[in-house]
Amino acid sequence: MRLSRPARITLGALTIAVLIVVYVPLFVVLVNSFSTSQSLVWPPPGFTLEWWGTAFQNRGALSALWTSVQVASLATVISLVLGTLVAIALQRHSFFGRQSVSLLVILPIALPGIVTGIALNNAFRTILGLQLGFFTIVVAHATFCIVTVFNNVQARLRRTGTNLEEASADLGAGLWTTFRLVTFPQLRSALFAGGLLAFALSFDEIIVTTFTAGVGTTTLPIWIFQNLFRPNQAPVVNVIAVVLVVVSLVPIYIAQRIAGAERVPK
Numbered sequence: 728m729r730l731s732r733p734a735r736i737t738l739g740a741l742t743i744a745v746l747i748v749v750y751v752p753l754f755v756v757l758v759n760s761f762s763t764s765q766s767l768v769w770p771p772p773g774f775t776l777e778w779w780g781t782a783f784q785n786r787g788a789l790s791a792l793w794t795s796v797q798v799a800s801l802a803t804v805i806s807l808v809l810g811t812l813v814a815i816a817l818q819r820h821s822f823f824g825r826q827s828v829s830l831l832v833i834l835p836i837a838l839p840g841i842v843t844g845i846a847l848n849n850a851f852r853t854i855l856g857l858q859l860g861f862f863t864i865v866v867a868h869a870t871f872c873i874v875t876v877f878n879n880v881q882a883r884l885r886r887t888g889t890n891l892e893e894a895s896a897d898l899g900a901g902l903w904t905t906f907r908l909v910t911f912p913q914l915r916s917a918l919f920a921g922g923l924l925a926f927a928l929s930f931d932e933i934i935v936t937t938f939t940a941g942v943g944t945t946t947l948p949i950w951i952f953q954n955l956f957r958p959n960q961a962p963v964v965n966v967i968a969v970v971l972v973v974v975s976l977v978p979i980y981i982a983q984r985i986a987g988a989e990r991v992p993k
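For what it's worth, this note's numbering labels the leading residue of the sequence shown as 728, then goes sequentially.
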């Protein structure tokens, strides 16, 4: 499709405007992490590496970082297992209510985070009688991380079809052997990309976490929010925010590269 010159100019201007709105604030955070000022000011009066050293010696920030890594890792593992099983069940089998189940699986990612947080908070405390903490955060994150794995696996299963699996069955292989030698090798890159996206999604989540963390369990996004307006903490918060952006960006970039490589015709 060829666009007219005015349409190309308009589209280009809108694209640049959107990129400016999204990335200029991130650039400001990056620059302020090197600022000599102890508050959020612009432009910075000077530049220093002091806050980076301070941030990596901050026990509260390091503890919150480790908690976020643990939560994201466990939520990713749960999502990989359950998301894959659900995708295979819905894509390879026909049964009554299949479309409804598919909708229910995808729904958590579409719901506002505050609604999910309130619902899970009520379920954990009043229905299940659980104390909010590390376990409830992992379960809460897994509910929406499953969707990324589910979508990736389901899309791959649609593309690969069932010919190889049927050939494996015709040759006498059982369900587990067919999955191990035929289905799983076809899903590995989709699982890897889905797992990376799930980890990134969990690592920087704050809304649902706020409702399910309880007292005494602090993830990195919650630590940033709690310390943002404390005296003399702004530069350290900027440093941690930059680290959070980088940690979230790397898995997303790798997943995008994997998806892009698979679309290249051989």
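C-beta: ideal position from N, C-alpha, C; glycine also.
For residue i, I'd like the list of residues in its chain whose CB is within less than 6 Å of its CB, leaving aside the five on either flank, ordered along the chain.
{"i": "residue 979", "result": "927"}
{"i": "residue 840", "result": "934 and 935"}
{"i": "residue 981", "result": "923"}
{"i": "residue 832", "result": "813 and 877"}
Buried or exposed: residue i, going by 16 or more other Cβ atoms within 10 Å of its Cβ?
{"i": "residue 786", "result": "exposed"}
{"i": "residue 875", "result": "buried"}
{"i": "residue 830", "result": "exposed"}
{"i": "residue 997", "result": "In the structure as shown, the chain begins at 728 and stops at 993. Residue 997 is therefore absent and cannot be evaluated."}
{"i": "residue 760", "result": "buried"}
{"i": "residue 773", "result": "exposed"}
{"i": "residue 740", "result": "exposed"}
{"i": "residue 893", "result": "exposed"}
{"i": "residue 899", "result": "exposed"}
{"i": "residue 853", "result": "exposed"}
{"i": "residue 743", "result": "exposed"}
{"i": "residue 816", "result": "exposed"}
{"i": "residue 950", "result": "buried"}
{"i": "residue 731", "result": "exposed"}
{"i": "residue 748", "result": "exposed"}
{"i": "residue 859", "result": "buried"}
Kindly indicate which three-state DSSP category residue i falls into: helix, strand or coil?
{"i": "residue 760", "result": "coil"}
{"i": "residue 774", "result": "strand"}
{"i": "residue 991", "result": "The predicted position of residue 991 is uncertain, since its pLDDT is 47 and thus under 50; no value can be drawn from it."}
{"i": "residue 753", "result": "helix"}
{"i": "residue 838", "result": "coil"}
{"i": "residue 810", "result": "helix"}
{"i": "residue 785", "result": "coil"}
{"i": "residue 981", "result": "helix"}
{"i": "residue 868", "result": "helix"}
{"i": "residue 792", "result": "helix"}
{"i": "residue 932", "result": "coil"}
{"i": "residue 924", "result": "helix"}
{"i": "residue 999", "result": "Residue 999 cannot be examined here, being either before or after the span of the chain that is shown, 728 to 993."}
{"i": "residue 858", "result": "coil"}
{"i": "residue 736", "result": "helix"}
{"i": "residue 957", "result": "coil"}
{"i": "residue 821", "result": "coil"}
Using a threshold of 8 Å, state whether the C-beta atoms of residue i and residue j are closer than that.
{"i": "residue 939", "j": "residue 848", "result": "yes"}
{"i": "residue 819", "j": "residue 884", "result": "yes"}
{"i": "residue 806", "j": "residue 925", "result": "yes"}
{"i": "residue 795", "j": "residue 955", "result": "no"}
{"i": "residue 937", "j": "residue 872", "result": "no"}
{"i": "residue 929", "j": "residue 799", "result": "yes"}
{"i": "residue 968", "j": "residue 751", "result": "no"}
{"i": "residue 863", "j": "residue 851", "result": "yes"}
{"i": "residue 921", "j": "residue 810", "result": "yes"}
{"i": "residue 865", "j": "residue 801", "result": "yes"}
For residue i, which option in the options has the closest C-alpha, if you only look at C-alpha atoms?
{"i": "residue 781", "options": "961, 850 and 910", "result": "961"}
{"i": "residue 909", "options": "896, 920 and 742", "result": "896"}
{"i": "residue 813", "options": "914, 880 and 943", "result": "880"}
{"i": "residue 952", "options": "843, 933 and 966", "result": "933"}
{"i": "residue 834", "options": "850, 877 and 863", "result": "877"}
{"i": "residue 868", "options": "732, 918, 843 and 914", "result": "843"}
{"i": "residue 753", "options": "765, 917 and 973", "result": "973"}
{"i": "residue 984", "options": "916, 904 and 748", "result": "916"}
{"i": "residue 966", "options": "734, 903 and 766", "result": "766"}
{"i": "residue 861", "options": "886, 808, 797 and 845", "result": "797"}
{"i": "residue 882", "options": "903, 891 and 914", "result": "914"}
Residues in the same chain with beta-carbon distance under 8 Å from residue i, minus the five sequence neighbours each way, listed in chain order, please.
{"i": "residue 963", "result": "778, 781, 782, 785, 788 and 954"}
{"i": "residue 737", "result": "none"}
{"i": "residue 857", "result": "851 and 863"}
{"i": "residue 836", "result": "871, 874 and 875"}
{"i": "residue 904", "result": "895"}
Excluding the 5 residues flanking residue i on each side, which residues of the same chain have their C-beta closer than 7 Å to its C-beta?
{"i": "residue 931", "result": "948, 971 and 975"}
{"i": "residue 828", "result": "817"}
{"i": "residue 758", "result": "771"}
Using a Cβ-Cβ cut-off of 8 Å, state whether residue i counts as contacting chain B.
{"i": "residue 758", "result": "In summary, chain B is missing from the structure at hand, where a single protein chain is found."}
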